[in-house]
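Participant:
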Amino acid sequence: MTVPTTPISKIPRQQWLRKPSTLAVMKALTSGGAEVRFVGGCVRDALLGRQGIDNIDIATSTAPNQVITLLEDAGLKAIPTGLQHGTVTAVAANETFEITTLRRDINTDGRHATVAFTTDWSTDANRRDFTINAMYCDLDGTLYDPLGGADDLRSGKIRFVGNANRRIEEDVLRILRFFRFYAHFGKNRPDAEALAACGAAAEKLDTLSGHRIRVELLKWLDAPDPIQALKYADDCGVLASTLKFSPNETAIVRVQNLVSVETKTGRADPIRRLAALASDSKQRTALTNHLKLSSEGQRRLEGMFTSSVKVTPALSDAEAYRALYRLGPERFVDMALMAWAQVSSEDNGDWQKLLDLVDNWQRPQLPVSGKDILALGVPAGPLIGKALNEAEEWWIAGNFEAGRKKTLAQVRTILADHKQ
Numbered sequence: 002m003t004v005p006t007t008p009i010s011k012i013p014r015q016q017w018l019r020k021p022s023t024l025a026v027m028k029a030l031t032s033g034g035a036e037v038r039f040v041g042g043c044v045r046d047a048l049l050g051r052q053g054i055d056n057i058d059i060a061t062s063t064a065p066n067q068v069i070t071l072l073e074d075a076g077l078k079a080i081p082t083g084l085q086h087g088t089v090t091a092v093a094a095n096e097t098f099e100i101t102t103l104r105r106d107i108n109t110d111g112r113h114a115t116v117a118f119t120t121d122w123s124t125d126a127n128r129r130d131f132t133i134n135a136m137y138c139d140l141d142g143t144l145y146d147p148l149g150g151a152d153d154l155r156s157g158k159i160r161f162v163g164n165a166n167r168r169i170e171e172d173v174l175r176i177l178r179f180f181r182f183y184a185h186f187g188k189n190r191p192d193a194e195a196l197a198a199c200g201a202a203a204e205k206l207d208t209l210s211g212h213r214i215r216v217e218l219l220k221w222l223d224a225p226d227p228i229q230a231l232k233y234a235d236d237c238g239v240l241a242s243t244l245k246f247s248p249n250e251t252a253i254v255r256v257q258n259l260v261s262v263e264t265k266t267g268r269a270d271p272i273r274r275l276a277a278l279a280s281d282s283k284q285r286t287a288l289t290n291h292l293k294l295s296s297e298g299q300r301r302l303e304g305m306f307t308s309s310v311k312v313t314p315a316l317s318d319a320e321a322y323r324a325l326y327r328l329g330p331e332r333f334v335d336m337a338l339m340a341w342a343q344v345s346s347e348d349n350g351d352w353q354k355l356l357d358l359v360d361n362w363q364r365p366q367l368p369v370s371g372k373d374i375l376a377l378g379v380p381a382g383p384l385i386g387k388a389l390n391e392a393e394e395w396w397i398a399g400n401f402e403a404g405r406k407k408t409l410a411q412v413r414t415i416l417a418d419h420k421q
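So this is what it looks like as structure tokens:
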């Protein structure tokens, strides 16, 4: 399909377009006489008036090897990120710019594509995933919108470029990207053709690595309000294929309540929202294994549910500080927000007061250490750890008020008890 590639308007004035690093990269790329334009997310986000745009993608008709030469001739670092796909990363003033040669797909298998390079902007636009990501602009902000992406963005319509089924056959990850972009930019009901195509291909998500699924899912859950996207994905079978279990209605409501309390407190977090989708330890294990969560992610997800400490407004300040010390700020906040979402997203004051304790809290330091116990003549061994743990429990129970002298005295008492 041939599409017009003439300019239609200008994007709002952008700071990133005037940065020395951007100018240096563009000067290098245009020195060979080729046409060079910004593309994708940076253009889309500029039209939305977003600030702090720092993920800048560039398209050019120049072949990737020549891109490297142009950058290096200008004294810039060039990294051959993916030459087989036409991608080179430029580094200027410690900032990165991803530069990709115009291309067309030759072969696709649902995960990877074999590409051929081209100089035709229309061809490049037609191989992209969604119309809102197929917009280009040049250095002076002139907008090129060959597929009507700006209109779709304004109306909140996430529309595949061309045939939705074909776009998904080329890369199954586009199913998750559809719901991610709908969560961030969608309005009203999703595009019917797109929704049907995603549902029909949902089982093909099994062909993707857990890493790729996790990255897209967390970006989706990081939307200000991902709930409608979750509901539509659940209805068409995509959510169950993504998570490896079917979340029940209570889980969706739990996430909805969680999003509400996170929004009120300014503490949105995609890992916490992911945890809320699971209703039991079996489902949490499924998430951990399928999404290949890092050890830190696993620890955090399980930590929201496995503590004997309960975080609720019923705690006195002293009890809350003791819980905060035992759990740490991150886990305390996770557990408080999850508990709040379980009760009611409308009950604000007492829960907010509980969370305010975290913002004003500095972790106290136990005034003794293992070295102090060694200095008392205790030989190295397990008794040192036991005595230190018991001393810490005594110190915590006293609301962290005992100083070094009193705590050392307690250590001596503990050691004496162990000798009996």
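In this text, residue positions in the sequence shown follow this note's numbering: the first is 2, and each later residue adds one.
No residue lacks a Cβ here, since even glycine has one placed at the ideal position from N, Cα and C.
If you're wondering where the values come from, they're calculated on a predicted model, not measured in any experiment.
Along the chain, where does the beta strand (DSSP E) containing Pro81 start, and where does it finish?
Facilitator: Numbered from 1 along the sequence shown, position 80 holds the residue referred to as residue 81. Segment Lys78 to Gly83, the beta strand (DSSP E) holding Pro81.
Participant: Could you tell me if Pro65 is buried or exposed, where buried requires 16 or more neighbouring beta carbons within 10 angstroms of its beta carbon?
Facilitator: Sequence index remark: in the sequence shown, residue 65 carries index 64 (1-based). Classification for Pro65: buried.
Participant: Assuming Gly276 and Met305 make a contact with CB atoms under 8 angstroms, what is their CB distance in whole Å?
Facilitator: By one-based count along the sequence shown, residue 276 stands at place 275. By one-based count along the sequence shown, residue 305 stands at place 304. Inspection of the sequence shows that residue 276 is occupied by Ala rather than by Gly. Yes, Ala276 and Met305 are in contact; Cβ-Cβ is about 5 angstroms, under 8 angstroms.
Participant: I need the straight-line Cα distance from Leu206 to Gln229, nearest angstrom please.
Facilitator: As a first step, residue 206 is located in the sequence shown; it is residue number 205 there, counting from the start. As a first step, residue 229 is located in the sequence shown; it is residue number 228 there, counting from the start. Rounded to the nearest angstrom, the two C-alpha atoms are 20 angstroms apart.
Participant: For a quick check, are the C-beta atoms of Pro314 and Lys372 less than 8 angstroms apart?
Facilitator: By 1-based counting over the sequence shown, the position of residue 314 is 313. By 1-based counting over the sequence shown, the position of residue 372 is 371. Going by C-beta atoms, Pro314 is not nearer than 8 angstroms to Lys372.
Participant: Out of Leu30, Ala35 and Gln15, point me to the one whose CA is closest to Ile54's CA.
Facilitator: Your numbering for residue 54 matches position 53 in the sequence shown. The shortest C-alpha separation from Ile54 is found at Gln15.
Participant: Bridge partners for Ile100 per DSSP, in chain order?
Facilitator: For the purposes of this step, residue 100 is identified with residue 99 of the sequence shown, where counting begins at 1. BP columns for Ile100 point to Ile59 and Val89.
Participant: Between the Cα of Asp106 and those of Gly87, Val92 and Phe98, spot the shortest distance and give me the residue it belongs to.
Facilitator: Along the sequence shown, one-based indexing puts residue 106 at 105. That would be Gly87, whose Cα lies nearest to the Cα of Asp106.
Participant: Using the Cα positions of Asn134 and Asp141, report the straight-line distance between them to the nearest angstrom.
Facilitator: The residue you call residue 134 lines up with position 133 of the sequence shown. The residue you call residue 141 lines up with position 140 of the sequence shown. Their backbone Cα atoms lie some 19 angstroms apart in a straight line.
Participant: If distances are taken between C-alpha atoms only, which option among Arg300, Leu325, Val254 and Ser282 comes closest to Ile272?
Facilitator: Within the sequence shown, the letter at position 271 stands for residue 272. Out of Arg300, Leu325, Val254 and Ser282, the CA that lies nearest to the CA of Ile272 is found in Arg300.
Participant: So the beta strand (DSSP E) Phe39 belongs to, where does it begin and stop?
Facilitator: Taking the first residue of the sequence shown as 1, we reach residue 39 at position 38. It spans Val37 to Val40 - the beta strand (DSSP E) in which Phe39 sits, taken as one unbroken run.
Participant: From which residue to which residue does the beta strand (DSSP E) around Leu144 run?
Facilitator: By 1-based counting over the sequence shown, the position of residue 144 is 143. Per DSSP, Leu144 belongs to the beta strand (DSSP E) from Thr143 to Tyr145.
Participant: Evaluate Glu171 with the Cβ neighbour count: other Cβ atoms within 10 Å of its Cβ, from every protein chain shown; 16 or more gives buried, anything less gives exposed.
Facilitator: Position 170 of the sequence shown, counting from 1, holds the residue named residue 171. So Glu171 counts as buried.
Participant: Which parts of the region 342-408 are runs of the alpha helix (DSSP H), unbroken and 4 residues or longer, counting only runs that do not cross its ends?
Facilitator: 350-360, 371-376 and 383-398
Participant: Let's see if you can read the secondary structure: which residues bound the alpha helix (DSSP H) around Asp125?
Facilitator: Position 124 of the sequence shown, counted from the first residue, corresponds to residue 125. Taken as a continuous stretch (DSSP letters only), the alpha helix (DSSP H) holding Asp125 covers Trp122 to Asn127.
Participant: Note down the Cα distance separating Thr119 from Ile57, rounded to an integer number of angstroms.
Facilitator: Position 118 of the sequence shown, counted from the first residue, corresponds to residue 119. Position 56 of the sequence shown, counted from the first residue, corresponds to residue 57. The alpha-carbon atoms of Thr119 and Ile57 are separated by roughly 21 angstroms.
Participant: Roughly how many angstroms separate the alpha carbons of Pro227 and Trp221, rounded to a whole number?
Facilitator: The residue you call residue 227 lines up with position 226 of the sequence shown. The residue you call residue 221 lines up with position 220 of the sequence shown. Cα-Cα distance, rounded: 7 angstroms.
Participant: Can you check which of these residues, Ala279, Phe401, Arg268 and Pro81, is closest to Tyr322 by C-alpha distance?
Facilitator: In the sequence shown, counting from the first residue as 1, residue 322 sits at position 321. Relative to Tyr322, the option among Ala279, Phe401, Arg268 and Pro81 whose CA is nearest is Phe401.
Participant: State yes or no: is the C-beta of Arg168 within less than 8 angstroms of the C-beta of Asp130?
Facilitator: For the purposes of this step, residue 168 is taken as residue 167 along the sequence shown, with counting starting at 1. For the purposes of this step, residue 130 is taken as residue 129 along the sequence shown, with counting starting at 1. In this structure, Asp130 lies closer than 8 angstroms to Arg168 by Cβ.
Participant: Across which residues does DSSP place Lys11 in a beta bridge pair?
Facilitator: Here residue 11 is taken as the residue at index 10 of the sequence shown, counted from 1. In the DSSP output, where bridge partners are listed per residue, Lys11 has Thr143.
Participant: Could you say which of Gln363, Leu292 and Asp192 lies nearest to Asn166 if we only look at CA atoms?
Facilitator: The residue labelled residue 166 in the question sits at position 165 within the sequence shown. Among Gln363, Leu292 and Asp192, the Cα nearest to that of Asn166 is on Asp192.
Participant: Could you check which residue in Lys245, Leu154, Ser308 and Ala202 has the C-alpha nearest to that of Ala337?
Facilitator: As a working note, residue 337 is residue 336 in the sequence shown. The residue with the shortest Cα to Cα distance from Ala337 is Ser308.
Participant: Could you name the residues of the same chain whose beta carbon sits closer than 6 angstroms to that of Val68, not counting the 5 residues immediately before and after it, in chain order?
Facilitator: Within the sequence shown, the letter at position 67 stands for residue 68. Excluding positions up to five away in sequence, the list reads Val89 and Ile100.
Participant: With three or more beta-carbon pairs closer than 8 angstroms as the criterion, would you say the region 145-154 touches the region 23-34?
Facilitator: no
Participant: For Ser242, is the classification buried or exposed, using 16 other Cβ atoms within 10 angstroms of its Cβ as the cut-off for buried?
Facilitator: Mapped onto the sequence shown, residue 242 falls at position 241. Under this definition Ser242 is a buried residue.
Participant: Between which two residues does the alpha helix (DSSP H) carrying Phe186 extend?
Facilitator: Counting from one through the sequence shown, the residue named residue 186 turns up at place 185. Unbroken alpha helix (DSSP H) run through Phe186: Arg175 to Phe186.
Participant: Identify, in the order they occur along the chain, each residue of the same chain with its Cβ nearer than 7 angstroms to the Cβ of Leu77, setting aside the five sequence neighbours on each side.
Facilitator: In the sequence shown, counting from the first residue as 1, residue 77 sits at position 76. So the qualifying residues of the chain are Ala25, Val26, Ala29, Ala91, Val92 and Ala93.
Participant: Are there 16 or more other CB atoms within 10 angstroms of the CB of Gly41, so buried, or fewer, so exposed?
Facilitator: Your numbering for residue 41 matches position 40 in the sequence shown. Classification for Gly41: buried.
Participant: With distances taken Cα to Cα, identify the nearest neighbour of Ser10 among Arg274, Pro147, Asp235 and Val310.
Facilitator: Position 9 of the sequence shown, counting from 1, holds the residue named residue 10. The option with the nearest alpha carbon to Ser10 is Pro147.
Participant: Inspect the CB distances between the region 362-370 and the region 404-421 and report whether three or more fall short of 8 angstroms.
Facilitator: yes
Participant: Taking the C-alpha atoms as reference points, what is the distance between Gln343 and Ala398?
Facilitator: Locating residue 343 in the sequence shown gives position 342, counting from the first residue. Locating residue 398 in the sequence shown gives position 397, counting from the first residue. Each residue's Cα considered, the two are about 29 angstroms apart.
Participant: Could you check the C-alpha separation between Leu71 and Arg274 for me, to the nearest Å?
Facilitator: Numbered from 1 along the sequence shown, position 70 holds the residue referred to as residue 71. Numbered from 1 along the sequence shown, position 273 holds the residue referred to as residue 274. Computed Cα separation, rounded: 45 angstroms.
Participant: Check for me: the alpha helix (DSSP H) holding Cys199 runs from which residue to which?
Facilitator: In the sequence shown, residue 199 corresponds to position 198, counting from 1. Ala193 to Ala201 is the span of the alpha helix (DSSP H), which, as asked, contains Cys199.
Participant: Within the continuous alpha helix (DSSP H) that includes Leu278, where are the two ends?
Facilitator: Translated into positions along the sequence shown, residue 278 becomes position 277. Taken as a continuous stretch (DSSP letters only), the alpha helix (DSSP H) holding Leu278 covers Pro271 to Leu278.
Participant: What do you reckon, are the CB atoms on Tyr137 and Leu196 nearer than 8 angstroms?
Facilitator: Sequence index remark: in the sequence shown, residue 137 carries index 136 (1-based). Sequence index remark: in the sequence shown, residue 196 carries index 195 (1-based). It is not a contact, given that the beta carbons lie outside the stated cut-off.
Participant: Kindly indicate which residue of Pro13, Thr31 and Ser32 has the alpha-carbon position closest to the one of Cys43.
Facilitator: By one-based count along the sequence shown, residue 43 stands at place 42. Ranking the options by Cα distance to Cys43, first place goes to Pro13.
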